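Take 213 as the starting number for the sequence shown in the numbering used here and just add one per residue.
From the three backbone atoms N, C-alpha and C, an ideal C-beta is built for every residue, glycine too.
Fair warning: this is a prediction, and the values are worked out from it, not measured in the lab.
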Amino acid sequence: MRVVNGNWLMVACMLIFWNCVGPEDPIDGLLDDLPAVVNTVDAFTFNLKGNNYSFEEEYTLSMKPDSNSVLTTSLIVTNWSGNDTSRIFMMNSGDTTYSWFQITGNLTYSSIDSLTADAKYYPTKLLFEGIGFSGIMQFSLFKK
C-alpha cells in the first residue's frame, strides 16, 4: 500500500509540474526595464524596452577605433511616452564627452563617419542615462 501511495504521489507531482507554464516570451525579445547589451570588437548595441525606467549605465567599448576606421552610428526610439529626457554620451579616452544625444520623443538617427588621426574623436566609453524612460530605444555603433 505504501508503494502504491508513493507512486500516485510521484505521478501527481509530475503532472502538476509538467503542466506549469512560465511567462510568455516577449515578441521583440526585450524584457521590460532590462537593457540588452552586446559589446564586441566590431560592434556595440544597447537595446531597452523601458516602462517608466530610470537608469545610468556606463560601458567601456571593446572596439578600438583608429584613423582607418569608419563608424556607423544609429539610434532609433519608438513608442516613446511621457515627459522624461534621456541622454547618450560618447566619451573619448580622456573621459571627455565629444558627442551626445538627447532623447525627448520618437526619433530615427544614423550617421557614417570616417575617423581622422585625432584620437579625441575615438569613442572609448558610452554613458546612457534616463529618468522615467518609457518606450523602446535601439542604439548601435559599428566599426568597419
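Q. What number of angstroms, rounded off, separates the C-alpha of Val249 from the C-alpha of Ala329?
A. Stepping through the sequence shown from its first residue, residue 249 is reached at position 37. Stepping through the sequence shown from its first residue, residue 329 is reached at position 117. Taking the CA atoms as reference points, Val249 sits about 29 Å from Ala329.
Q) Would you report the Cα separation of Asp307 and Glu270, rounded to the nearest angstrom? A) For the purposes of this step, residue 307 is taken as the residue at position 95 of the sequence shown. For the purposes of this step, residue 270 is taken as the residue at position 58 of the sequence shown. So the two alpha carbons sit approximately 11 Å from each other.
Q: Measure how close the beta-carbons of Phe351 and Leu273 come, nearest whole angstrom, since I'm counting them as under 8 Å.
A: Looking up residue 351 in the sequence shown gives position 139. Looking up residue 273 in the sequence shown gives position 61. Contact doesn't hold; Cβ gap of about 12 Å is too wide.
(Q) Taking its Cβ as the centre, do 16 or more other Cβ atoms sit within 10 Å of Thr316, making it buried, or is it exposed? (A) Taking the sequence shown and counting its residues from 1, one reaches residue 316 at position 104. So Thr316 counts as exposed.
Q. Contact between the region 244-263 and the region 309-327: three or more CB pairs below 8 Å?
A. Too few Cβ pairs lie closer than 8 Å, so no.
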